[in-house]
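All letters in the sequence shown, in the order written, are residues 1 to 435 by UniProt numbering. Where a beta carbon is used, it is the ideal one built from N, C-alpha and C, also for glycine. Read through the structure below, which is laid out as structure tokens, and then see the notes.
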Amino acid sequence: MRSSLSPDAVAGGTLSSDFLASIAVNEERGLPEIIETKNVPILLYAKRSEVEADAIKQLVALAESPLPVGYVAAMPDVHVGKGVTIGTVFASAKYVAPMAVGVDIGCGMCAVPFDGLYKDSLSKKELRKIQQLIKERIPTGFDMHKTPLQGAQETIQDISNKTAPSRYLEESMTAPKVLKQLGSLGGGNHFLEVVYDESGRVWIMLHSGSRNIGNITATHYDKLAKEELIQRGIQTPHNLNYLELESEEGQQYLQDMLWCQEYAWHNRSFMRDLMIDIVEDVTKGSVALDESVNIHHNFCQCERCNYTDPKTGAKVEADLYVTRKGATPAAPGQMGLIPGSMGTGSYVTRGRGNSGSWSSCSHGAGRRMSRTAAKKVISQADFERAMEGIVCDTNVSVRDEAPQAYKNLNEVMKNQADLVEVVTRLKPLVNVKGF
């Protein structure tokens, strides 16, 4: 539903009425909340009172920097991140910020359903066997394959043929782990799951990114950006370092970022295929590959953008670089995956193409407490109770990933009802995490 927001709701009331009228408003929730800054406004798809103060400070720092045009969109799962809040989307005509994409370049989700395989047909024994095989065949945490998977070398070459790496990245690619990590999970909030939808149909789903090569690439260019800004006498708050898109370093970052995004996409594809083989080995189900979804939520790409200028109310159409850090693309009809936590399940979604969010939505529920706080506040017994009924590991090392550490996914979905429509809910049967 489209509605105009009262200028009284905006600090200073200087935004144009045309801009306010152009925003799709969640009237039940009164979202987005608009925070006016010294530069562009912030469209916050959550209640400001529910967002940590440090995250608001980071959002304001980004909005008041030279980077964004139009406005900054903050997703319902927004929380503090390095350089830029996680759950942030903005468009830029002149700049790119390595830490606004993040250290896990191309991190994202992949899921695919099975035909003729339903939750009630799987025994506990089969689910335990599936989990065991996943742990045996897919390295997690800091582990990697002892030898590269079949097709890994050809995949790396194909990626380089599609997107030529810079000299820096080409040299970094010689490290053995680049090949051996292709088809591996990593740690943190990354996971491998067997889930089921509202009809009982079984899916596999996973969350992972570009592993070490993405991390060192992001760190390398962030360092270059910082050094260049210091040479120009520019100090940025919250480590918000950026490069000019037209500079040599900016072009090299874009080039290498795209390479890492491809690596991340193929990394998920390798793990997806390994999981398909496992489920087919244990059950009689067959995969429906034509329904596979594989998307990034840490990336930057040039898009044709249509939006209303907040100050003048003019309609703008331009090619801009849209950066999504912890945000899922949600163009009209685009399929997406929004995970909650290891115990609460996920959603398959379809994008609404809302310009107020730069055609984006959240990438998950978002943390409500830090990892350190989670380990202090959540007891091991409470963690184990929250995971009852799911075949998983409740090792003390992953207690910071307990469901209690995350925001309520259902509330997050209600906050972004104007950004995506729900296709189906996925609930976990088997979970594997790195530790």
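ask   = In this structure, what does DSSP give as the bridge partners for Q92?
value = Before going on, a small fix: residue 92 reads as Ser here, not Gln. Bridge partners of S92: Y321.
message = For the pair the segment 178–185 and the segment 242–260, tell me if three or more CB-CB distances fall below 8 Å.
response = no
query = Residues bridged to M387 by DSSP?
reply = Answer is none; M387 lacks a bridge partner.
Extent of the continuous beta strand (DSSP E) to which A74 belongs = Segment 69–79, the beta strand (DSSP E) holding A74.
query = Do V287 and V112 have their CB atoms nearer than 8 Å?
reply = yes
ask   = Where does R2 sit, in a helix, a strand or coil, going by DSSP?
value = Per-residue confidence for R2 stands at a pLDDT of 29, beneath the threshold of 50, marking its modelled position as unreliable; no derived number is given.
inquiry  = Under DSSP, the beta strand (DSSP E) around K427 begins and ends at which residues?
reply    = 420–433
Runs of beta strand (DSSP E) lying entirely within the segment 236–299, each at least 3 residues, in chain order = 293–296
key: Cα-Cα separation, G116 to G200   = Taking the Cα positions, G116 is about 10 Å away from G200.
inquiry  = So, under 8 Å CB-CB, G106 and Q301 are touching, yes? Tell me the CB distance rounded to an integer number of Å.
reply    = The beta-carbon separation of G106 and Q301, rounded to 11 Å, does not stay under the 8 Å limit for a contact.
request  = Kindly list the residues whose CB is nearer than 6 Å to the CB of G108, restricted to its own chain and excluding five residues on each side of it in sequence; keep chain order.
outcome  = Within the same chain, G108 has close Cβ partners I295, H296, H297.
message = My output table needs one value for K315: the three-state DSSP class, helix, strand or coil.
response = strand
Which of helix, strand or coil DSSP assigns to N306 = Here N306 sits in strand by DSSP.
task = Ignore the nearest five residues each way along the sequence and tell me which others in P68's own chain have a CB closer than 7 Å to its CB.
result = For P68, where only same-chain residues beyond five positions count, the Cβ hits under 7 Å are V40, L62, F90, A91, S92.
query = With R368 and A405 assumed to form a contact (beta carbons below 8 Å), what rounded beta-carbon distance in angstroms separates them?
reply = 7 Å
key: Of the residues K82, E36, G70, the one placed nearest A55, counting alpha carbons only   = K82
inquiry  = Buried or exposed for residue 474, going by 16 or more other Cβ atoms inside 10 Å?
reply    = One cannot answer for residue 474 here, as it falls past the ends of the chain, which runs 1 to 435.
key: Same chain only: Cβ atoms within 8 Å of E317, ignoring 5 sequence neighbours per side   = R304, C305, N306
inquiry  = Taking the beta strand (DSSP E) that D115 belongs to, which residues open and close that run?
reply    = 108–118
inquiry  = What does the Cβ neighbour count give for I234, buried or exposed, with the cut at 16 atoms within 10 Å?
reply    = Only exposed fits I234, as fewer than 16 other CB atoms lie within 10 angstroms of its CB.
Assigned exposure category for N354 - 16 Cβ within 10 Å defines buried = buried
message = Taking only three categories from DSSP, how would you classify residue 441?
response = Given that the chain is displayed from residue 1 to residue 435, the structure contains no residue 441 and the question cannot be resolved.
Reduced DSSP secondary structure (H/G/I, E/B, other) of N39 = coil
query = Cα separation between E193 and K427?
reply = 10 Å
key: 8 Å CB neighbourhood of residue 466 in its chain, flanking five on each side removed   = The structure shown has nothing for residue 466, since the chain only spans 1 to 435.
message = Distance check for V202 and V279, CA to CA, integer angstroms please.
response = 10 Å
inquiry  = Give me the residue from V72, G343, D143, T219 with the minimum Cα distance to G434.
reply    = D143
key: Whole-angstrom distance between Q231 and V420, CA atom to CA atom   = 43 Å
inquiry  = At the level of alpha carbons, what is the spacing between S359 and Q132?
reply    = 39 Å
inquiry  = Taking its Cβ as the centre, do 16 or more other Cβ atoms sit within 10 Å of N410, making it buried, or is it exposed?
reply    = exposed
key: Simplified DSSP state of S346, which is helix, strand or coil   = Collapsing the DSSP output to three states places S346 in a strand.
message = So K325 and I86 are supposed to be a Cβ contact under 8 Å. How far apart are they, rounded?
response = 6 Å
message = Closest to S16 by C-alpha separation, out of G70, H238, R399, would be which residue?
response = G70
query = Out of curiosity, what's the CA-to-CA distance linking Y242 and I216?
reply = 17 Å
query = From D319 to Y221, what distance separates their C-alpha atoms?
reply = 23 Å
inquiry  = Among Y95, V282, Y347, whose alpha-carbon lies nearest the alpha-carbon of C361?
reply    = Here the closest residue by C-alpha is Y347.
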